[in-house]
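Chains A and B, in that order, are what the protein sequence lines are. Per the numbering used here: the first sequence ends with 552, consecutive numbering throughout. Per the numbering used here: the second sequence ends with 171, consecutive numbering throughout. The beta-carbon is built from N, C-alpha and C at its ideal position, and this holds for glycine as well. Predicted model only: the values in this text are computed from it and were never measured.
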Amino acid sequence: MYRYDEIDRELVRQRVAQFRDQTRRFLAGELTEEQFKPLRLMNGLYIQTHAPMLRVAIPYGLLSSEQLRRLAHIARSYDRNYGHFTTRQNLQFNWPRLEDVPDILAELAEVDMHAIQTSGNCIRNVTADHLAGVNAEEIEDPRPYCEIIRQWSTLHPEFSFLPRKFKIAVTGSSRDRAASQVHDIGLHLVKSAGGEVGFQVLVGGGLGRTPVIGKPLREFLGKCDLLSYLEAILRVYNRHGRRDNKYKARIKILVNALGIDAFRREVEAEWIAIREGALKLDQAEIDRVTAFFAPPAYDPEARYDSSFAERQTSDKAFASWVKRNTRAHKVPGYRVVFVSLKAPGVPPGDITDTQMDAVAELADQFSGGMIRSAHDQNLILADVKLADLYELWQALEARGLAHANIGTLTDMICCPGLDFCQLANAGSIPIAHQINERFDNLDYLYDLGDIRINMSGCMNACGHHHVGHIGILGVEKNGEEWYQFTLGGSSAEDATLGERLGPAIGKAEVAEAIARILDVYVAHREDEEPFLATVRRIGITPFKERVYAQTH
Amino acid sequence: MPRLIKNHQLVENTTQHLGMDDALPGGDVTVPLSRWQAERERLRFHPHRVGVRLAPDEDPGELVPDLERLSLIAVVFPAFTDGRAYSQARLLRERHGYRGEIRALGDVLRDQLQFMARCGIDAFELAENENSEAALAAFRQMEVHYQPAADGHGPVWRQRQLAAERRASRT
Chain A
1 MYRYDEIDRE LVRQRVAQFR DQTRRFLAGE LTEEQFKPLR LMNGLYIQTH APMLRVAIPY
61 GLLSSEQLRR LAHIARSYDR NYGHFTTRQN LQFNWPRLED VPDILAELAE VDMHAIQTSG
121 NCIRNVTADH LAGVNAEEIE DPRPYCEIIR QWSTLHPEFS FLPRKFKIAV TGSSRDRAAS
181 QVHDIGLHLV KSAGGEVGFQ VLVGGGLGRT PVIGKPLREF LGKCDLLSYL EAILRVYNRH
241 GRRDNKYKAR IKILVNALGI DAFRREVEAE WIAIREGALK LDQAEIDRVT AFFAPPAYDP
301 EARYDSSFAE RQTSDKAFAS WVKRNTRAHK VPGYRVVFVS LKAPGVPPGD ITDTQMDAVA
361 ELADQFSGGM IRSAHDQNLI LADVKLADLY ELWQALEARG LAHANIGTLT DMICCPGLDF
421 CQLANAGSIP IAHQINERFD NLDYLYDLGD IRINMSGCMN ACGHHHVGHI GILGVEKNGE
481 EWYQFTLGGS SAEDATLGER LGPAIGKAEV AEAIARILDV YVAHREDEEP FLATVRRIGI
541 TPFKERVYAQ TH
Chain B
1 MPRLIKNHQL VENTTQHLGM DDALPGGDVT VPLSRWQAER ERLRFHPHRV GVRLAPDEDP
61 GELVPDLERL SLIAVVFPAF TDGRAYSQAR LLRERHGYRG EIRALGDVLR DQLQFMARCG
121 IDAFELAENE NSEAALAAFR QMEVHYQPAA DGHGPVWRQR QLAAERRASR T
């Protein structure tokens, strides 16, 4: 992983000192709430329903065991013994005290971490494919470019007060596990006809009140031009994005208003003027950053293990876990392990301090001391030998982290909802519990296969409901919580916005509605056809008829 | 008259910011871009400094024909959260080669002074409630910068290369 040098450390230390002073001034009444708000947001600090919420940056989802232990320590010392992983690979603490936040940031700085630009109208933490570097389809590892973008965007003097937040995701393979098409900018590493590797650039994707799939802005961008091109996009957006209405301020609205062709002309005109300037990357810098992400020394003997196959034959529970919670690794003899943060009874994405310590320990023991956080709010140990999987599974099982449901119906993406967030109109965690209680039969879930439920407690769409195979949006009607369903969405390479099923459904009926949707799927599916494919093939009508059928 | 910081010290501020129809007083003034464009030949004979004030949605490129004879351009922060003037300042400095004064007006607070300075703004009319001593100290809050801007800082990789060369030359 990227290791800080003295420049990186000094920047984070100075930023902590700056924020400590800003917090002191706010508490002393020298800064108004209105003045403090954008400053604290730029450091990931919200004031929520019950308490402040601090969002810690995990750049492109990569953590060392030492960093995860520090997060556990912070959860224990400053919060209520847990943290919450988000869809953008960050970690949120829900109960810190405002006056403790500077000390928390100092604790983070000691392990080369920060909360810079995890919120606010600035360039947010850059996210990446959580299987970067270990999946066989990859053209190139996207993480070095994420790190280069992270440094360029950090405390950018021109782009710290944009019209609205700005999110960038980078992928390196034909599969899209980073929801890049619903980001303000999606960057895909691609190979040109001549064999050169560069980026396809998408712009103007996003969810929220106006969901939009990103549009192709440039089919091929040379690596050396990455930062100058981003700067050109951001400058056009900073100058021309709407500032009169926060719901019309994202870049997607500007792109749609101008049209993609006119927007492209603006960007290209800006880019031509700065392309050969100081932001032009040289190969030496790309190589320097790339070296930090070099693969670990894999054991060539790992492939000759035979215990793994035997254990799967003799232990059905282990076999199920392997099938659902591990993925192929590009190196023979290894697998990628998902640590499920979706156990029944636990809010999706939540993890306790002792679980964090345990995962750090297991990462040291079995996966090179590295942990990843995934867009779908689970953790990943990416480099586990086949021979170690059984022992790792037992250890995860003992800590409630081996629920074998990755990719299934109960591996839901879920925002904190009404229970924590002051923006929310409806609960999402209680609905997750309801779904878990109704669908507690793992064999049934395995039969259903890959299904993604995404759930948001309001139209800001932090739970990405528009792009769930089944999307659930909480709305408030006459003081009651109701749930609006969409079907057929996807945030993967086939990104699609879901289609609205019909009128909102009462809180008590959500699991029943899902059960009916699943019945229709099971009745219509052909062979091994996944849920999403069936929805696309037969359309929404059969589902609608079944869900809204009168039963009495 | 708002307090003015220039060259990292408080200096006397006599500049008056005129609207479209305000009579020309004695002393230094700024006028809106459109007034400048309409009256520039007449304004040239004003015996004091005449600067142009760019609204946040105006294109600094419109001033290109006039940059030679301008020594003051004001950019405006209607609220400190409105970041358009940062881009205007960088364009004036880096695209159009303007070397005269760029002055920030409006909601100019200490926590943004360094961003402004990095974008090429070199004069700052402080918001009324801002503490001037603290504002003067705020230019040194961050000493490390990752990205190039209008203040001559190279990109961080160039800084790292230079540091490595210095280390190598010492050994």
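When DSSP builds the beta bridges, which residues end up paired with residue i?
{"i": "Phe-93 (chain A)", "result": "A:Leu-54"}
{"i": "Lys-330 (chain A)", "result": "Answer is none; Lys-330 (chain A) lacks a bridge partner."}
{"i": "Gly-154 (chain B)", "result": "DSSP lists no partner for Gly-154 (chain B)."}
{"i": "Ala-432 (chain A)", "result": "Ala-432 (chain A) is not bridged to any residue."}
{"i": "Tyr-483 (chain A)", "result": "A:Gly-474 and A:Ile-505"}
{"i": "Lys-6 (chain B)", "result": "B:Gln-9 and B:Ala-123"}
{"i": "Glu-499 (chain A)", "result": "A:Leu-487"}
{"i": "Thr-171 (chain A)", "result": "A:His-188"}
Over what stretch of residues does the beta strand (DSSP E) that includes residue i continue unbroken?
{"i": "Phe-220 (chain A)", "result": "215–222"}
{"i": "Asp-141 (chain A)", "result": "Segment: none, Asp-141 (chain A) is in no beta strand (DSSP E) and carries neither H nor E."}
{"i": "Phe-85 (chain A)", "result": "82–85"}
{"i": "Arg-53 (chain B)", "result": "50–54"}
{"i": "Gln-200 (chain A)", "result": "197–203"}
{"i": "His-114 (chain A)", "result": "Looking at the DSSP string, His-114 (chain A) is not in any beta strand (DSSP E), and its letter there is neither H nor E."}
{"i": "Val-31 (chain B)", "result": "29–32"}
{"i": "Val-322 (chain A)", "result": "No beta strand (DSSP E) contains Val-322 (chain A), which is instead part of the alpha helix (DSSP H) from 316–325."}
{"i": "Leu-131 (chain A)", "result": "That residue, Leu-131 (chain A), is in no beta strand (DSSP E); it is neither H nor E in DSSP."}
{"i": "Leu-418 (chain A)", "result": "Here Leu-418 (chain A) belongs to no beta strand (DSSP E), and DSSP marks it neither H nor E."}
{"i": "Tyr-46 (chain A)", "result": "45–47"}
Cα separation between residue i and residue j?
{"i": "Leu-556 (chain A)", "j": "Glu-268 (chain A)", "result": "Outside the shown range of chain A (1 to 552) lies residue 556 (chain A), about which nothing can therefore be said."}
{"i": "Arg-303 (chain A)", "j": "Pro-332 (chain A)", "result": "5 Å"}
{"i": "Gln-422 (chain A)", "j": "His-73 (chain A)", "result": "27 Å"}
{"i": "Ala-51 (chain A)", "j": "Gly-463 (chain A)", "result": "21 Å"}
{"i": "Gly-100 (chain B)", "j": "Ile-121 (chain B)", "result": "10 Å"}
{"i": "Arg-158 (chain B)", "j": "Thr-326 (chain A)", "result": "42 Å"}
{"i": "Tyr-548 (chain A)", "j": "Ala-523 (chain A)", "result": "17 Å"}
{"i": "Ala-128 (chain A)", "j": "His-48 (chain B)", "result": "56 Å"}
{"i": "Asp-357 (chain A)", "j": "Asp-350 (chain A)", "result": "14 Å"}
{"i": "Gly-539 (chain A)", "j": "Asn-441 (chain A)", "result": "27 Å"}
{"i": "Ile-251 (chain A)", "j": "Asp-527 (chain A)", "result": "42 Å"}
{"i": "Pro-430 (chain A)", "j": "Lys-477 (chain A)", "result": "18 Å"}
{"i": "Val-29 (chain B)", "j": "Glu-10 (chain A)", "result": "42 Å"}
{"i": "Tyr-483 (chain A)", "j": "Thr-408 (chain A)", "result": "21 Å"}
{"i": "Asn-7 (chain B)", "j": "Glu-133 (chain B)", "result": "14 Å"}
{"i": "Pro-155 (chain B)", "j": "Arg-150 (chain A)", "result": "13 Å"}
{"i": "Trp-95 (chain A)", "j": "Gly-44 (chain A)", "result": "13 Å"}
{"i": "Gly-205 (chain A)", "j": "Leu-4 (chain B)", "result": "42 Å"}
{"i": "Arg-288 (chain A)", "j": "Gly-502 (chain A)", "result": "53 Å"}
{"i": "Glu-361 (chain A)", "j": "Ala-104 (chain B)", "result": "53 Å"}
{"i": "Val-339 (chain A)", "j": "Tyr-298 (chain A)", "result": "21 Å"}
{"i": "Ile-451 (chain A)", "j": "Gly-400 (chain A)", "result": "22 Å"}
{"i": "Met-116 (chain B)", "j": "Arg-90 (chain B)", "result": "9 Å"}
{"i": "Leu-92 (chain B)", "j": "Ala-461 (chain A)", "result": "39 Å"}
Which two residues bound the contiguous alpha helix (DSSP H) that contains residue i?
{"i": "Ser-446 (chain A)", "result": "Checking the sequence, you will find Tyr at residue 446 (chain A) rather than Ser. Counting along the chain, the alpha helix (DSSP H) containing Tyr-446 (chain A) begins and ends at 442–448."}
{"i": "Tyr-78 (chain A)", "result": "65–78"}
{"i": "Lys-37 (chain A)", "result": "33–41"}
So residue i contacts chain C; which residues on that side make the cut at Cβ distance below 9 Å?
{"i": "Glu-110 (chain A)", "result": "Given the protein chain composition of this structure (A and B), no chain C is represented."}
For the region 311–332 of chain A, enumerate the residues whose C-beta is nearer than 8 Å to any C-beta of chain B, in chain order. none
What residues in the region 277–294 of chain A have a beta carbon less than 7 Å from any beta carbon of chain B? Ala-278, Leu-279 and Glu-285
Would you list, in chain order, the members of the region 421–443 of chain A that have their beta-carbon closer than 8 Å to a beta-carbon of chain B? none
Please list, in chain order, the residues of the region 124–138 of chain B that have any C-beta partner in chain A closer than 7 Å. none
Any chance you could list the alpha helix (DSSP H) runs of at least 4 consecutive residues sitting entirely within the region 66–133 of chain B, in chain order? 84–90 and 110–118
Identify every run of the alpha helix (DSSP H) within the region 337–404 of chain A, keeping only runs that are complete inside it and at least 4 residues long; order them along the chain. 353–366 and 389–398
Closer than 8 Å between beta carbons: that is the criterion. Which residues of the region 243–265 of chain A meet it against chain B? Arg-243
Which residues, taken in chain order from the region 149–168 of chain A, show a beta carbon closer than 9 Å to some beta carbon of chain B? Arg-150, Gln-151, Trp-152, Ser-153, Thr-154, Leu-155, His-156, Pro-157, Glu-158, Phe-159, Ser-160, Phe-161, Leu-162 and Pro-163
In chain order, each alpha helix (DSSP H) run of at least 4 residues that lies wholly inside the region 229–260 of chain A: 251–258
At a Cβ cut of 7 Å, what residues of the region 150–163 of chain B count as close to chain A, listed as they run along the chain? Gly-154, Pro-155, Val-156, Trp-157, Gln-159 and Arg-160
So if I threshold CB-CB distances at 8 Å, which residues from the region 42–54 of chain A count as touching chain B? none
If contact means a Cβ-Cβ distance below 7 Å, which residues of the region 126–145 of chain A contact chain B? none
To be precise: take each residue of the region 209–240 of chain A, compare its Cβ to all Cβ atoms of chain B, and keep it if any distance is under 7 Å. Which residues remain? Arg-235, Asn-238 and Arg-239
Could you list the residues in the region 94–110 of chain B with a C-beta less than 8 Å from some C-beta on chain A, going in chain order? Glu-94, Arg-95 and Leu-109
If contact means a Cβ-Cβ distance below 9 Å, which residues of the region 53–64 of chain B contact chain A? Pro-56, Asp-57 and Asp-59
Chain-ordered residues of the region 377–398 of chain A with a beta carbon less than 7 Å from chain B: none
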